[in-house]
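Colleague: Residue numbering for the sequence shown follows this note's numbering, starting at 1418 and increasing by one per position. Note that the Cβ used here is the ideal one computed from N, Cα and C, for glycine as well. Remember, it's a predicted structure, so these values are computed and weren't measured experimentally.
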Amino acid sequence: MRYFISFAYNGKNFHGFQSQPDAASVQETLEQALSTLFREKIAIVGAGRTDTGVHAKQMYAHFDTELELESDYWSHKLNSFLPPSIVVYRIFSVHLDAHARFDATSRTYEYYIHTFKDAFIAEGSWYHSLPLDVEKMNEACTILFEYLDFECFSKVHTDVNTFNCKISEAHWKQSGNQLIFTITADRFLRNMVRAIVGTMVNIGLGKIEVAELRTIIESKDRSKAGFSVPAHGLYLVNVAYPYIEERK
1418 MRYFISFAYN
1428 GKNFHGFQSQ
1438 PDAASVQETL
1448 EQALSTLFRE
1458 KIAIVGAGRT
1468 DTGVHAKQMY
1478 AHFDTELELE
1488 SDYWSHKLNS
1498 FLPPSIVVYR
1508 IFSVHLDAHA
1518 RFDATSRTYE
1528 YYIHTFKDAF
1538 IAEGSWYHSL
1548 PLDVEKMNEA
1558 CTILFEYLDF
1568 ECFSKVHTDV
1578 NTFNCKISEA
1588 HWKQSGNQLI
1598 FTITADRFLR
1608 NMVRAIVGTM
1618 VNIGLGKIEV
1628 AELRTIIESK
1638 DRSKAGFSVP
1648 AHGLYLVNVA
1658 YPYIEERK
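Written out as structure tokens, the structure reads:
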């Protein structure tokens, strides 16, 4: 049988989601816990990859086993095998062809910035004290909808066949001393969101004019775009599937 697992994690102590040699990853930690609990080797396929230090408020992965797991008991039990930085919400059966990565129709990220020094949110939000023009940053967001090719925001030397991404949502919201950038697309390139945020911050600072964003995107040149903001302020918050209605 094939199962989906719905979970979240604090990425601070992980070198991203995907397993890699000699570095702690979310995937490896989950696979070890699942294999121990079910007493068989379990391999999972995630909905996507997050970079070192990036968090996920909602993530999905699938795995196969002959065991029947239709009970909240298993998610509760699995949590006891996991560190505090990973929480499993649910394990549920799906059809045998269901795929956590390829079936996802969209992914949503949020980036958090705080503009006044705050010791209690510093580990999960980027502190930026200089004033930002949020109106201009939101104006720049509308330009993103005009394009599909976002090579200028992609990490160089990445192994992808296309740089095309269809962005369906992008906006900034300010609440007191906190700024939240939300972006939704069918797929994302490596480092894409952090590069977009860095470019938007430069627009908010007046270093780049709003109209220049078109030139940057059309250049397809990473060096023309803005800096990459720190990873600890970035969260994957939603992965959408045609057969899953809930958020967790």
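1) Go ahead and label Tyr1477 buried or exposed: buried means 16 or more other beta carbons lie within 10 angstroms of its beta carbon, across all protein chains shown.
2) With H, G and I counted as helix, E and B as strand and the rest as coil, what does DSSP make of Asn1655?
3) Let me know the secondary structure DSSP gives Ala1425 once reduced to three states.
4) Do Lys1637 and Asp1566 have their CB atoms nearer than 8 Å?
5) What are the start and end residues of the alpha helix (DSSP H) that includes Ile1620?
6) Between the segment 1510-1520 and the segment 1443-1463, do three or more beta carbon pairs fall short of 8 Å?
7) Check this for me: beta carbons of Ser1502 and Asn1430, under 8 Å apart or not?
8) Within the same chain, show all residues whose beta-carbon is closer than 8 Å to that of Asn1479, passing over the 5 residues directly before and after it, in chain order.
9) Would you call Leu1561 buried or exposed, if buried means 16 or more other Cβ atoms sit within 10 Å of its Cβ?
10) Determine whether the beta carbon atoms of His1472 and Tyr1528 lie at a separation below 8 Å.
11) Could you check what DSSP says for Thr1559 in three-state terms: helix, strand or coil?
12) Whose C-alpha, out of Ile1613, Leu1622, Leu1653, Gly1650, is nearest the C-alpha of Ser1640?
13) Is the number of C-beta pairs between the segment 1567-1585 and the segment 1597-1613 that are closer than 8 Å three or more?
14) Under 8 Å, do Gln1449 and Leu1653 count as touching if we go by C-beta distance?
15) What are the start and end residues of the beta strand (DSSP E) that includes Arg1524?
16) Within the chosen definition, does the segment 1522-1541 reach the segment 1646-1662 through at least 3 CB pairs nearer than 8 Å?
17) Would you mind stating whether Gly1433 and Asp1468 have Cβ atoms separated by less than 8 Å?
18) So which of Asp1550, Ser1436, Ser1492 has the shortest CA-CA distance to Tyr1506?
19) Tyr1490 lies in the alpha helix (DSSP H); which residues open and close that run?
20) For Val1573, report the span of its alpha helix (DSSP H) as first-last.
21) Could you check the C-alpha separation between Gly1623 and Thr1453 for me, to the nearest Å?
22) I'd like the list of long-range same chain contacts for Ile1633, defined as Cβ closer than 6 Å, with 5 residues on each side in sequence excluded.
23) Out of Glu1445, Asp1550, Glu1552, which has the shortest C-alpha to C-alpha gap to Phe1498?
24) Which partner residues does Arg1507 have in the DSSP bridge list?
25) How many angstroms separate the CA atom of Lys1583 from the CA atom of Gly1615?
Modeller: With the structure as the only source:
1) The residue is buried, with at least 16 neighbouring Cβ atoms inside 10 Å.
2) In this structure, Asn1655 counts as strand in the three-state DSSP scheme.
3) In this structure, Ala1425 counts as strand in the three-state DSSP scheme.
4) In contact: Lys1637 and Asp1566 (Cβ atoms closer than 8 Å).
5) Ile1620 -> alpha helix (DSSP H) spans 1609-1621.
6) Result yes; three or more Cβ-Cβ pairs closer than 8 Å.
7) Between Ser1502 and Asn1430, the gap from beta carbon to beta carbon is short of 8 Å.
8) According to the sequence displayed, residue 1479 carries His and not Asn. If we look at His1479 and ignore the five residues flanking it on each side, its Cβ neighbours are Arg1419, Tyr1420, Phe1421, Ile1422, Ile1461, Val1462, Val1511, Ala1515, His1516, Ala1517.
9) The Cβ neighbour count for Leu1561, taken over all protein chains shown within 10 Å, is at least 16; the residue is labelled buried.
10) Against a cut-off of 8 Å, the Cβ pair of Tyr1528 and His1472 comes out as no contact.
11) The answer is helix: DSSP assigns Thr1559 an H, G or I state.
12) For Ser1640, the closest of Ile1613, Leu1622, Leu1653, Gly1650 by C-alpha to C-alpha distance is Ile1613.
13) Short answer: they touch.
14) The Cβ atoms of Gln1449 and Leu1653 lie no closer than 8 Å to each other.
15) Here the beta strand (DSSP E) through Arg1524 covers 1523-1531.
16) They touch, by the three-pair rule.
17) Result yes, Cβ atoms of Gly1433 and Asp1468 sit closer than 8 Å.
18) Per the C-alpha coordinates, the member of Asp1550, Ser1436, Ser1492 positioned closest to Tyr1506 is Ser1492.
19) That run of the alpha helix (DSSP H) goes 1489-1497.
20) Where Val1573 is concerned, there is no enclosing alpha helix (DSSP H), given that its DSSP letter is neither H nor E.
21) Straight-line Cα distance between these residues: approximately 54 Å.
22) Excluding residues within five positions, the ones whose Cβ falls inside 6 Å are Cys1569, Lys1641, Ala1642.
23) With distances taken between Cα atoms, Phe1498 lies closest to Glu1445.
24) Answer is Ser1423, bridged to Arg1507.
25) Gly1615 has its alpha-carbon roughly 20 Å from the corresponding atom of Lys1583.
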